[in-house]
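Worksheet for the structure shown next.
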Amino acid sequence: MKKVICKSYEEMSALAAFTIALQIQSKPDSVIGFATGSTPVGTYKRLIEMEVDFSKVTAFNLDEYYPIKRDNPQSYCYFMKEKLFSHINIPVGNINIPDGECDEPVKECADYDAKLERLGGTDLQILGIGKNGHIAFVEPAENLPLATGLVDLTDDTIKANSRFFDKPGDVPRQAISMGLRGIFNSRHILLLISGQGKAEVAKKLFAGELSTNVPASLLNLHPNVTVITDGSTD
Ligand code: GLP
Numbered sequence: 003m004k005k006v007i008c009k010s011y012e013e014m015s016a017l018a019a020f021t022i023a024l025q026i027q028s029k030p031d032s033v034i035g036f037a038t039g040s041t042p043v044g045t046y047k048r049l050i051e052m053e054v055d056f057s058k059v060t061a062f063n064l065d066e067y068y069p070i071k072r073d074n075p076q077s078y079c080y081f082m083k084e085k086l087f088s089h090i091n092i093p094v095g096n097i098n099i100p101d102g103e104c105d106e107p108v109k110e111c112a113d114y115d116a117k118l119e120r121l122g123g124t125d126l127q128i129l130g131i132g133k134n135g136h137i138a139f140v141e142p143a144e145n146l147p148l149a150t151g152l153v154d155l156t157d158d159t160i161k162a163n164s165r166f167f168d169k170p171g172d173v174p175r176q177a178i179s180m181g182l183r184g185i186f187n188s189r190h191i192l193l194l195i196s197g198q199g200k201a202e203v204a205k206k207l208f209a210g211e212l213s214t215n216v217p218a219s220l221l222n223l224h225p226n227v228t229v230i231t232d233g234s235t236d
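Take the numbering used here: the final residue in the sequence shown is number 236, and no numbers are missing along the way.
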């Protein structure tokens with residue numbers, strides 16, 4: 003696990019955007035795994051400014067609330083359009099986000115994994131981290147899911163994400179989330195950590211101990227992980 007400590011959120015975002023741009027330059031038809039949350043917003047902004055050519059890129063997002071309408075401003079589908087996809091030249095047909103409106107979530111999850119497998123996994127997976135150590139919506143638990151599935155969000159996560167909704171009662175209780183296989187089946191994982199609120203979980207990650215109660219700690223097992231922090235967690 004490579005660790006890069008930046009001086010600011012802006013520096014972290016610039017470095018992350020540069021890493022993504024380099025990946026696409028060296029392989030124009032890269033499969034890129036995208037994350038939501040406030041942490042990668044600056045990275046996406048820089049990518050837009052850099053006018054990176056996404057015309058051959060395939061995007062594969064980590065997760066989506068369930069159920070949620072695609073046009074709900076809190077949906078990850080809406081978030082990605084607003085923060086990145088509608089500002090770059092990625093073909094709409096190359097964008098993959100779990101469908102929060104589907105009637106058959108079990109089938110949706112199986113199809114999502116099958117498609118990612120057919121593509122051979124992601125070349126680069128961008129990740130954020132929850133305060134409780136979750137990645138995507140793989141929540142702390144005794145047993146962690148390998149496959150994409152419908153997951154129950156923990157109270158911690160519902161509380162953390164309620165800041166984006168009008169009231170806590172509006173936060174969906176479930177989500178469709180990629181499992182560990184989809185995340186780990188990436189040639190390079192880029193984990194971004196920003197804000198003092200993540201200091202404790204960052205410490206656990208770097209301590210090098212593995213625990214399913216801190217799902218991100220398992221990233222220590224992946225051969226090619228780069229963690230970029232904004233410096234505020236040290
Ligand atoms: C959500 C997403 C995660 C993200 C996390 C942290 O729970 N499912 O992918 O990493 O939020 O978000 P933030 O960057 O806003 O702290």
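Don't be surprised by glycine CBs; every beta carbon is placed ideally from N, CA and C.
Is any heavy atom of ligand 1 found at a distance shorter than 7 angstroms from the C-beta of residue i?
i, result
"H224", "no"
"T156", "no"
"S40", "yes"
"T159", "yes"
"G130", "yes"
"D1", "The requested residue 1 is not part of the displayed model; the chain covers only 3 to 236."
"A116", "no"
"H136", "yes"
"N215", "no"
"A37", "yes"
"F87", "no"
"F139", "yes"
"N96", "no"
"N163", "yes"
Along the chain, where does the beta strand (DSSP E) containing residue i start, and where does it finish?
i, result
"G151", "151-154"
Can you tell me which residues form a DSSP beta bridge with residue i?
i, result
"I97", "A61"
"L192", "I128, T228"
"K4", "T228"
"A177", "Y67, V153"
"V33", "T60"
Just reading off the alpha helix (DSSP H) that residue i is part of, what are its end residues?
i, result
"K161", "157-163"
"S28", "11-28"
"F186", "182-186"
"I50", "43-51"
"P107", "107-120"
Does the distance from the CB of residue i to the CB of residue j come in under 8 angstroms?
i, j, result
"V153", "P217", "no"
"T214", "P142", "yes"
"Y80", "E66", "no"
"K133", "G199", "yes"
"A177", "Y68", "yes"
"Y114", "P100", "yes"
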